[in-house]
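What follows is a set of notes on a single structure, which appears directly below.
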Amino acid sequence: MSYDGMMTRAITYELQHLIGGRISKIHQPFKTELIMTIRAKGKNHSLLASANAQFARLHVTTEKYDNPSEPPMFCMLLRKHLEGGFIRSISQDGFDRVIRMAIANKDELGDQTERILIFEIMGRHSNIILTNPRSETILDSIKHVRFDQSSYRTVGPGQVYKAPPAQDKVNPFQADASDVVKHLDFNAGKMDKQLVSAFAGVSPLLAKEIVHRAGFANKQTVPHSFVTIMEEIQNHQYTFTLRKGAKETFSYLSLHHAEGEERVFPTASELLDAYYYGKAERDRVKQQAHDLERLLKNEYQKNIRKQKKLEQTLTQAEEATQFQKMGELLTANIFAIKRGMTEIEVVDYYDEAGGTIIIELDPQKTPSENAQWYFKKYQKAKTARLEVVDQLAKTEQELAYLESLIQQMDSASPRDVEEIREELMEEGYVKKRQQQGKKKKKQAANPTLERYQSSTGIEFLVGKNNRQNDYLTNRLARQNEIWLHTKEIPGSHVVVRDMNPDETTLKEAALIAAFFSKARDSSSVPVDYTKIRYVKKPSGAKPGYVTYDNQTTLFVTPDEDIVKQLKL
């Protein structure tokens with residue numbers, strides 16, 4: 328279920344515990360996202376507000392975000408007006424996906440002020456807007472909307488705030504069974520679409536659930552189902568669920584019509600944290616790294632074509648023994664050949680059946696020159712074969728390297744992307760940026776590795792790109808610590824910081840290795856583990872490439888929920 332009007336209502340209700348809380352910090356880690364630290368009821372809460380076109384939302388989060396060294400202008404404005412202020416109220420505009428937060432604070436002169444922070448959670452029209460309630464003007468917004476972008480309203484500093492257009496729909500909490508019947512045409516069918524059109528806050532998935540619970544849809548069952556569900560929502564009787572089927576779905580109800588395994592969460596914020604985990608970051612990575620992804624896929628396809636061509640050339644080169652055979656047969660029958668002949672039929676003494684073979688001749692060449700021509704062709708093909716075998720081996724290594732980078736991009740964070748970009752510059756795939764020397768100085772520090780802890784308390788580290796993998800395996804890890812990697816599958820290096828880890832730790836570390844690999848969506852993934860002392864990086868090998876022996880293989884099935892639980 329999308330972040331609809333009813334989910335907005337559930338979140339607004341849940342955030343009431345922040346009323347009276349003090350806003351101590353405001354950060355803007357990304358272009359369209361804010362993190363507000365609010366001290367309420369004796370503890371700190373991180374409130375995430377996003378105006379991302381695909382992942383707009385508002386909820387308390389436990390996820391950690393890296394903040395830019397220099398805050399954006401909107402963030403600085405919010406700090407000026409809101410930091411140190413107290414939240415007076417959090418309310419929803421009707422059934423719209425609009426939440427208003429009233430904050431009381433003092434200005435530079437010590438006078439009491441009030442500001443309204445408005446969160447509009449409306450897909451690509453999402454926004455976060457700071458207003459002065461006295462003048463009803465906008466102080467600033469995380470997105471500016473010009474007149475040429477919207478004829479209904481402009482959004483920017485100095486503009487009078489105008490709410491999104493209201494929909495003329497029926498309040499579902501005030502509708503009884505007879506009201507539902509009045510607004511539906513039972514002969515027209517498509518009950519779910521009629522419910523969406525008639526009642527405020529009803530999304531397509533909620534409407535489908537109402538109709539599904541009604542069973543056989545008629546004038547008695549549909550109104551009864553509608554009123555029952557609306558009473559639950561009105562009384563804040565929520566069941567926050569995440570369904571993992573063909574399509575992942577979240578809701579404030581148990582969706583009986585949806586397929587897949589259902590998981591229940593105690594709060595809406597925990598549900599949304601779980602649902603959006605990684606999705607928004609993957610979207611940011613795609614925007615940041617679309618050029619790299621395109622480059623890697625193009626390079627990979629180019630090498631696939633090269634590999635096929637080399638294999639064809641190798642097949643042809645392996646047929647070179649035929650040229651040697653022709654030369655030897657001509658030599659054996661040299662006295663039977665006359666200059667000017669275009670072909671000759673001779674006994675093929677290589678054929679056990681004693682058959683004959685026709686050999687083409689150049690009439691301009693002598694019998695000896697014809698034989699030598701075939702021998703030269705054989706030698707040329709033999710030399711070419713050795714070169715092709717070498718080129719084919721290098722191409723296969725290149726494909727393995729590119730495949731590993733493509734896999735790393737699939738699970739990369741924005742920081743990982745920059746390290747991959749630097750690697751591609753060093754390897755010559757990407758043109759180096761100007762002032763690259765200064766950037767290299769900044770990158771002299773050791774890469775940051777993701778840390779995990781097994782359920783038995785043992786730490787393990789994960790390298791999510793080649794720079795991190797090389798550092799972890801070749802420099803940081805100790806000789807007797809345990810190293811893991813998916814068997815013959817591109818993936819991360821994982822090191823257990825223990826010489827004799829228990830079975831539970833090994834399985835959990837193997838699960839992490841499988842999750843950060845090309846086999847993330849597979850089951851029974853083979854993961855090898857051995858001691859670091861048995862892991863070697865060949866001289867001149869590509870970044871991240873190693874060989875190993877003395878390994879043992881485990882089979883595990885990746886599980887994203889377990890990965891989240893183990894992360895430090």
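Per our numbering: the sequence shown = residues 328 to 895. From the three backbone atoms N, C-alpha and C, an ideal C-beta is built for every residue, glycine too.
- The closest CA to that of Ile365, considering only Thr359, Ala383, Thr388, Gln486, is found on Thr388.
- For Glu638, DSSP assigns no beta-bridge partner whatsoever.
- For Lys665 and Ala720, the gap between their C-alpha atoms comes out near 45 Å.
- Shown here for Pro690: same chain residues with a beta carbon closer than 8 Å to its own, the five before and five after excluded, namely Arg666, Gly667, Met668, Thr669 in chain order.
- Ile353 places its beta carbon 7 Å or farther from that of Arg424.
- Selection Arg621, Thr693, Ile465, Glu626 evaluated against Thr658 yields Thr693 as nearest (Cα-Cα).
- Under the three-state reduction of DSSP output, His510 falls in the coil class, being neither helix nor strand.
- Taking a contact as a CB-CB distance under 8 Å, the pair Ala573 and Glu586 counts as one, their CB atoms being some 7 Å apart.
- In the DSSP assignment, Gly587 falls outside any beta strand (DSSP E), carrying neither H nor E.
- Residue environment: Tyr565 is assigned as buried (16 or more neighbouring CB atoms within 10 Å of its CB, all protein chains considered).
- By the Cβ rule, the stretch 440-450 counts as touching the stretch 367-387, because three or more pairs are nearer than 8 Å.
- Spatial neighbours of Tyr340 in its own chain (CB-CB distance under 7 Å, excluding positions within 5 residues in sequence) are listed in chain order as His563.
- Bounds of the alpha helix (DSSP H) holding Gln795 are 793-798.
- Taking a 10 Å sphere around the C-beta of Gly369, we find fewer than 16 other C-beta atoms and assign the residue as exposed.
- Taking 7 Å as the cut-off, the Cβ atoms of Thr857 and Asn827 do not count as close.
- Within its own chain, the residues whose Cβ lies closer than 6 Å to the Cβ of Phe401, once the five positions on either side in sequence are excluded, are Asp467, Ile469, listed in chain order.
- For Glu360, the closest C-alpha among the options Phe553, Pro870, Ala680, Asp610 is that of Asp610.
- Here the C-alpha atom of Gly421 lies approximately 15 Å from the C-alpha atom of Ala502.
- Taking C-alpha positions only, Gln486 is separated from Lys791 by approximately 46 Å.
- Glu655 and Gln795 have their C-alpha atoms roughly 58 Å apart.
- Bridge partners of Trp700 according to DSSP: none are assigned.
- Going by C-alpha positions, Pro853 is about 46 Å away from Arg336.
- Between Ala846 and Leu811, the CB-CB gap reaches or exceeds 7 Å.
- The beta carbon of Glu626 is closer than 6 Å to those of Leu729 in its chain, skipping five residues each way along the sequence.
- Within the stretch 452-525, the complete alpha helix (DSSP H) segments at least 4 residues long are 504-509, 518-525, listed from N- to C-terminus.
- With fewer than 16 other CB atoms across the displayed protein chains lying within 10 angstroms of its CB, Tyr479 is exposed.
- Of Lys509, Ile414, Lys496, the smallest CA-CA separation from Ser524 is found for Lys496.
- Assignment of Asp855 by DSSP, reduced to helix, strand and coil, places it in the strand class.
- For Asn394 and Pro356, the gap between their C-alpha atoms comes out near 5 Å.
- Using a C-beta cut-off of 8 Å, the stretch 740-756 makes contact with the stretch 615-624, since at least three inter-stretch Cβ pairs fall below that distance.
- Rounded to the nearest whole angstrom, the C-alpha separation of Glu608 and Leu569 is 19 Å.
- Between the C-alpha atoms of Lys629 and Glu725 there is a straight-line separation of about 11 Å.
- The alpha helix (DSSP H) runs lying completely inside the stretch 593-630 and spanning 4 residues or more are 595-603, given in chain order.
- Here DSSP, grouped into helix, strand and coil, assigns Thr648 to helix.
- Annotated as proximal: Lys894 and Tyr779, with beta-carbon spacing under 7 Å.
- Residue pairing by DSSP places Thr813 opposite Val854 in a beta bridge.
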